[in-house]
Structure formats: C-alpha cells, structure tokens
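*Asks:*
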Amino acid sequence: MLAIGPYHHGKEQLLAFEEHKTRYLKKLLERTSIPLSDYVMAMRELEERARNCYGGSINLDRDGFVPMMLFDGCFIVELIRKFSRHLRGYDDPRHLREDDDPNFKLSRILFLIARDMILLENQLPFFVLWKLFIMTEMPNDPRNESFLVMILRFFKGILPGNGFPRDAIDR
Numbered sequence: 064m065l066a067i068g069p070y071h072h073g074k075e076q077l078l079a080f081e082e083h084k085t086r087y088l089k090k091l092l093e094r095t096s097i098p099l100s101d102y103v104m105a106m107r108e109l110e111e112r113a114r115n116c117y118g119g120s121i122n123l124d125r126d127g128f129v130p131m132m133l134f135d136g137c138f139i140v141e142l143i144r145k146f147s148r149h150l151r152g153y154d155d156p157r158h159l160r161e162d163d164d165p166n167f168k169l170s171r172i173l174f175l176i177a178r179d180m181i182l183l184e185n186q187l188p189f190f191v192l193w194k195l196f197i198m199t200e201m202p203n204d205p206r207n208e209s210f211l212v213m214i215l216r217f218f219k220g221i222l223p224g225n226g227f228p229r230d231a232i233d234r
C-alpha cells in the first residue's frame with residue numbers, strides 16, 4: 064500500500080499512494096510559505112548521512128533520493144501532525160486537516176498506513192523527519208506539542224501490550 068524510503072521507492076504496485084504524498088507536500092508549502100527550494104536544500108544537506116543509514120546499495124541517484132526523502136518525510140510529518148490535531152479535537156481545516164483527506168475518512172486506512180510505516184524496509188532516518196518537523200513547525204501556535212509525543216500517540220493503537228507510559232502520551 065505505502066512505500067516509505069528507498070527500498071520500495073518507485074515500485075509499480077505502490078505508486079497509487081504517491082498522489083497523497085504530493086498533495087500533502089503541496090498543502091505544506093501553502094501552509095508554511097517556505098519555498099520548495101529551502102526544503103530541497105535541507106534534504107541535500109542530509110543526503111549523505113541518510114544514505115549511510117541504509118544497508119546495501121540504493122538504486123537512486125541524488126535526483127531521485129533527495130525528492131524521495133522530501134515527499135516521504137513531509138507526508139509522515141504532516142500525517143502525524145494532522146492525526147494529533149484531529150485526536151485533540153482541533154478543527155483547523157485551513158492549515159492541517161482538509162475535509163477531503165481520504166486518509167481520515169476511515170480509521171482502518173490510518174491503521175494500515177501506520178502498520179506500513181513501522182515495517183523495517185519502510186523507514187526514513189529520524190533526523191530527516193526531525194528536520195522537516197522543525198522547518199514546518201508553527202512557532203506561535205499554542206496547540207504545538209512535542210513531535211515525539213505526536214509519534215507515540217500515532218502508533219499507540221497498533222502496538223501490542225500497554226505500549227508507552229501513559230504520562231508520555233495521554234496529555
């Protein structure tokens with residue numbers, strides 16, 4: 064269903080989901096008013112370090128790897144941010160949650176996306192996500208919360224057992 068990172072990037076059976084990544088990036092660019100070139104530059108600065116996180120050879124040159132990090136990373140960061148805002152009851156369609164976002168129509172879809180995101184072959188290094196989160200943060204928004212808390216809350220429903228300490232995510 065969903066390809067994140069270089070291992071399954073471009074596989075035909077997973078291309079249907081790419082339109083969601085494109086839509087999320089477009090919305091992010093509208094929301095932040097940061098030029099696309101700034102995001103590309105940030106990903107280029109992290110490229111070598113990110114490549115070193117993967118075993119084996121990666122069949123993407125710079126012109127493929129950098130956009131993959133940007134599209135996949137922005138999708139993850141914005142999805143987790145949207146999910147967190149949705150759970151906390153913030154109705155903010157102009158910035159984060161569009162009513163036509165199919166990823167929020169059925170909870171099963173979010174479950175499947177989260178499940179695919181934790182697959183070992185579907186990973187981006189955390190420092191890539193962190194950089195994008197910092198770049199896209201809304202600094203004057205009183206509803207901001209820790210990226211780690213948002214991540215824990217997003218994956219809470221699919222992890223077995225009690226998951227994480229309650230005080231870490233139930234705020």
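Just so you know, we're using the working numbering here: the sequence shown kicks off at 64 and counts up by one. Backbone N, C-alpha and C fix where the C-beta goes; we use that ideal spot for every residue, glycine too.
1) Taking Y102 as the reference, give the member of N207, L192, F218, A66 with the closest Cα.
2) Taking R127 as the reference, give the member of S147, M106, V140 with the closest Cα.
3) For a quick check, are the C-beta atoms of M213 and I143 less than 8 Å apart?
4) Whole angstroms is fine: what's the gap from L215's alpha carbon to T199's?
5) Distance, Cα to Cα, N185 vs N203?
6) Quick check on this structure: which residue in L123, F80, F189, L173 has the alpha carbon closest to the alpha carbon of C116?
7) Which whole-angstrom value is the C-beta distance of L109 and K194, which I expect to be below 8 Å?
8) Which of the three DSSP states is assigned to H149 in this structure?
9) Which residue wins for smallest C-alpha separation from C137, given the options D124, I221, L187, F217?
10) Going by DSSP, what residue range makes up the alpha helix (DSSP H) through D101?
11) Below 8 Å on the Cβ atoms is my contact criterion, and I expect M132 with H72 to pass it. Report the Cβ-Cβ distance as a whole number of Å.
*Replies:* So, from the listed chains and residues:
1) Ranked by Cα distance from Y102, the first of N207, L192, F218, A66 is L192.
2) Just to set this straight, residue 127 is Gly in the shown sequence, not Arg. Measuring from the Cα of G127, the nearest candidate turns out to be M106.
3) Yes, the pair counts as a contact, with Cβ atoms nearer than the cut-off.
4) L215 and T199 have their C-alpha atoms roughly 19 Å apart.
5) In this structure, the straight-line span from the alpha carbon of N185 to that of N203 is close to 33 Å.
6) By alpha-carbon distance to C116, the top candidate from L123, F80, F189, L173 is F189.
7) So it is a contact: roughly 6 Å between Cβ atoms.
8) Three-state result, H149: helix.
9) Looking at the Cα atoms, L187 is the closest of the given residues.
10) Its alpha helix (DSSP H) spans residues 99 to 114.
11) That belief does not hold up - the Cβ atoms of M132 and H72 are roughly 10 Å apart, past 8 Å.
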